[in-house]
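Have a look at the structure below before the remarks.
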C-alpha cells in the first residue's frame with residue numbers, strides 16, 4: 008500500500024508565523040537566555056500542532072470558518088451581534104498590532120540594505136512605511152501576488168535553512184541544548200519573553216486563517232493532520248535553530264537587522280547582514296499579506312460576505328492602513344515587533360476558549376466531538392494561555 012504526501016494549507020500558516028517577530032524574539036531569547044528557553048519554544052510547537060489540528064478538524068467537519076461556527080452557537084440576535092463585535096475587535100486589534108510588526112520588519116530589512124537613501128525625501132515625514140504598505144496593498148487588491156509571494160517565501164526558506172546549518176556549525180554543547188529543551192527553567196523577568204515565544208508560534212489569526220483555508224480543501228482529515236504536523240514542525244525546527252544560533256551571541260546588544268545577522272556569520276561571513284536584511288524584508292512582506300487576509304476572513308464570516316467581495320478587500324486594506332500608521336510612529340523596531348507578539352499572547356486565552364466551545368458541540372461537530380484525552384489536553388493548554396495572559400498584563404500595566 009503506497010502513501011503519497013500532498014502539502015495542504017498548513018504551509019501557508021508556517022509562512023505566516025516565520026515572520027520578523029519570530030526571528031526577532033527567537034534571537035533575543037537566545038542572546039539573553041542562551042539555551043534555557045528552548046523548552047518554551049518546544050512547548051509552543053507542541054501546543055501549535057494540537058490547536059491548529061483541532062481548528063482544522065472543526066473546519067473540516069463543519070465546512071465553515073471559526074467565526075461562522077461561533078456565530079451559530081446562538082440564535083439570540085443581541086448575543087450574536089455582541090459576539091461578532093468581540094470577534095472582529097479581538098482579531099482586528101491583534102492583527103493591526105501584528106501588521107505593524109510585519110511592516111516594521113520589512114522596513115528594517117530595506118533600511119539595512121539601503122543605508123545611503125533618505126526616505127524622508129527632504130521633508131519631516133517618513134515615507135518608507137507608505138511605500139512598503141502600497142506594495143502590499145497592490146498585492147492584496149489585485150490578488151495576483153502568488154508568484155511574488157513564492158519568490159519571497161523562497162528567500163525566507165533560504166534564510167531558514169541557513170539558520171539550521173548555522174546551528175550545526177556553531178557546534179553547541181549537545182547536552183546543554185537537550186537540557187534547555189527538556190528541563191524547564193525561568194525566572195519572573197523571562198515571562199514576557201516566554202509569552203512572546205508562544206505568541207509568535209501559536210498565532211491567533213492563524214487559527215482563523217487555517218480554518219478558512221481548510222473548509223474548501225479536498226484533502227482527507229488524516230492528510231490535513233499530517234500536513235499540520237509537518238508544516239508546524241518545520242517552522243518549529245527553524246525557530247529552535249535561530250535560538251541556538253543566537254545563543255552564540257549571548258550578552259551582546261541587538262538593536263538592528265544587521266546585528267541579528269551576526270547569528271549567520273559562521274556560514275555567510277560578511278554577507279550575513281545582507282542575507283538577514285533580505286530575509287527580514289521577505290518575512291515582513293509575506294506576513295503582511297496573511298495578517299490582513301485573516302482579519303478579512305473573520306469580518307466576512309461575521310457579516311455573511313463572500314471572500315471575493317469588496318468587504319473582504321476593504322477590511323484587509325483597513326488592517327494594512329493601521330499597520331502603516333503604527334509603523335510610521337518611529338518607535339524602536341525591536342519594541343514594535345515584540346509588542347505585537349505579546350498582544351497575540353494576550354489574545355490566545357480568548358481564542359482558546361472559543362475552540363473549546365466548538366470542539367465540544369455535538370450538534371455542530373455531527374457527533375465527532377473531542378474525546379477525554381483531547382479535552383484534558385485542550386483545557387490544560389487553555390489554563391496555560393490564561394496564566395501567561397494574566398502575567399503579561401500584570402507586567403505591562
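In my numbering, the protein residues as written are 8 to 404.
Glycine included, each C-beta is placed from N, C-alpha and C at the ideal position.
Everything numeric in this text was worked out from a predicted model, so none of it was measured.
Query                                                                                                                                                               : Result
On the CB-based measure, 16 or more other CB atoms within 10 Å of its CB, does residue 311 come out buried or exposed?                                              : exposed
Please determine, among 99, 374, 396, 305, the residue with the shortest C-alpha to C-alpha distance to residue 75.                                                 : 305
Within a Cβ cutoff of 7 angstroms, which residues of the same chain sit near residue 390, ignoring the five residues on either side of it in sequence?              : none
Identify which residue in 114, 248, 148, 373 has its Cα closest to the Cα of residue 318.                                                                           : 148
In whole angstroms, what separates the C-alpha of residue 120 from that of residue 113?                                                                             : 11 angstroms
Could you tell me whether the Cβ atoms of residue 354 and residue 97 are closer together than 8 angstroms?                                                          : yes
Quick one: Cα of residue 297 to Cα of residue 146, how far?                                                                                                         : 11 angstroms
May I have the straight-line CA-CA distance separating residue 23 from residue 182, to the nearest angstrom?                                                        : 32 angstroms
Span of the alpha helix (DSSP H) holding residue 234?                                                                                                               : 228 to 254
Are the region 240 to 256 and the region 321 to 330 in contact at 8 angstroms, needing three or more beta carbon pairs?                                             : no
Could you give the uninterrupted runs of the alpha helix (DSSP H) lying entirely in the region 174 to 226, keeping only those of 4 residues or more?                : 181 to 189, 198 to 208, 211 to 221
Taking its Cβ as the centre, do 16 or more other Cβ atoms sit within 10 Å of residue 92, making it buried, or is it exposed?                                        : exposed
For the alpha helix (DSSP H) containing residue 65, name the first residue and the last one.                                                                        : 45 to 69
Which whole-angstrom value is the C-beta distance of residue 222 and residue 72, which I expect to be below 8 angstroms?                                            : 6 angstroms
Keeping to the same chain, check which residues put their C-beta closer than 6 angstroms to that of residue 268; ignore five residues upstream and five downstream. : 279, 280, 283
If residue 28 sits next to residue 108, beta carbons under 8 angstroms apart, how far is it from one beta carbon to the other, in whole angstroms?                  : 5 angstroms
For my contact list, residue 189 and residue 44 are in at a C-beta cut-off of 8 angstroms; report their separation, rounded to the angstrom.                        : No, residue 189 and residue 44 are not in contact; Cβ-Cβ is about 13 angstroms, not under 8 angstroms.
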